[in-house]
Amino acid sequence: MEHTYSPQEFGKLIGRTTNTLQKWDRKGILKAHRSPTNRRYYTHDQYLQYRGLVAQEQGLTIVYARVSGVAQKPELANQVNALETYCKQHSITVDEWMSDIGSGLNYKRRRFNRLMEMIELGQVRRLIIAHRDRLVRFGYEYFEAFCERHHTELVVINGEAMSPEQELVRDLIAIVTVFSARLHGLRSYRNVLKDAALQKE
141 MEHTYSPQEF
151 GKLIGRTTNT
161 LQKWDRKGIL
171 KAHRSPTNRR
181 YYTHDQYLQY
191 RGLVAQEQGL
201 TIVYARVSGV
211 AQKPELANQV
221 NALETYCKQH
231 SITVDEWMSD
241 IGSGLNYKRR
251 RFNRLMEMIE
261 LGQVRRLIIA
271 HRDRLVRFGY
281 EYFEAFCERH
291 HTELVVINGE
301 AMSPEQELVR
311 DLIAIVTVFS
321 ARLHGLRSYR
331 NVLKDAALQK
341 E
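For what it's worth, the working numbering labels the leading residue of the sequence shown as 141, then goes sequentially.
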């Protein structure tokens, strides 16, 4: 596992104060990594980069987790723990942890949209998720191709579906509700056309 430093340790190592490191972090000069609990830390690679011994690798490594509802927050914590364990075992340094609470059918999730924007801008080198359906419920292949097109490696640590049956049922009900509303709207539109035709007669 890659060695990490607290801001205080890293500051002493490079001869800078923690205030300077905070300013550099805000300005993007030397970005701190963040743990799942949002604590800042630095890596030995960053020390080498600071000393000019290795070239800085472009792009961020982002971990994304999702559950459908607030009641599943314990599952979200388990998901993050599994992702954290995977990253530690594979010596992967994570730049940012993202999570959403919302349906996999909802493409307006705040962090999901931010993630897609970052990928489109070429800012993400690697995206790590627990399961395919944590990113989206349907149309995963499209987003996989989207990542590939923007040179983002998409890592799925478990290829099997993991959603609880209740969550899947909820998503299926949402699909049926959408189509039912559209059918109702179509019938209403037909009735309007029929009434208009009768009035002309």
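All C-beta atoms, glycine included, are put in the ideal place defined by N, C-alpha and C.
Residue i vs residue j beta-carbon contact at 7 angstroms
i    : j    : result
R254 : D240 : no
V264 : I202 : yes
L267 : T292 : yes
G244 : V276 : yes
E224 : P176 : yes
Q219 : A205 : yes
Y226 : I154 : no
A270 : A222 : yes
Straight-line gap, residue i to residue j (C-alpha atoms, nearest Å)
i    : j    : result
Y181 : M256 : 25 angstroms
Q162 : Y145 : 14 angstroms
Y247 : G199 : 24 angstroms
V210 : F278 : 21 angstroms
D215 : V207 : It is worth fixing the name first, because residue 215 is Glu in this sequence and not Asp. Going from the Cα of E215 to the Cα of V207 covers about 7 angstroms.
N159 : T183 : 18 angstroms
V295 : Y280 : 13 angstroms
Y187 : R179 : 18 angstroms
R274 : M238 : 12 angstroms
S320 : K167 : 50 angstroms
Q148 : R191 : 18 angstroms
V194 : E288 : With a pLDDT of only 46 at V194, under the threshold of 50, the placement of this residue in the model should not be trusted; the figure read from the coordinates follows. Going by the C-alpha atoms only, they are around 26 angstroms apart.
I313 : H230 : 39 angstroms
K228 : D185 : 15 angstroms
L323 : W164 : 55 angstroms
Y282 : H143 : 37 angstroms
Chain-order list of residues whose beta-carbon lies under 6 angstroms from that of residue i (same chain, five-residue window excluded)
i    : result
F150 : Y182
Same chain, Cβ closer than 8 angstroms to residue i, neighbours up to 5 away in sequence not counted
i    : result
T157 : G151
7 angstroms Cβ shell around residue i - same chain, five flanking residues per side excluded
i    : result
R174 : R180, E236, W237
Kindly provide the ranges of any beta strand (DSSP E) runs that are 3 or more residues long and lie completely inside the stretch 192 to 254, ordered along the chain. 200 to 207, 236 to 241
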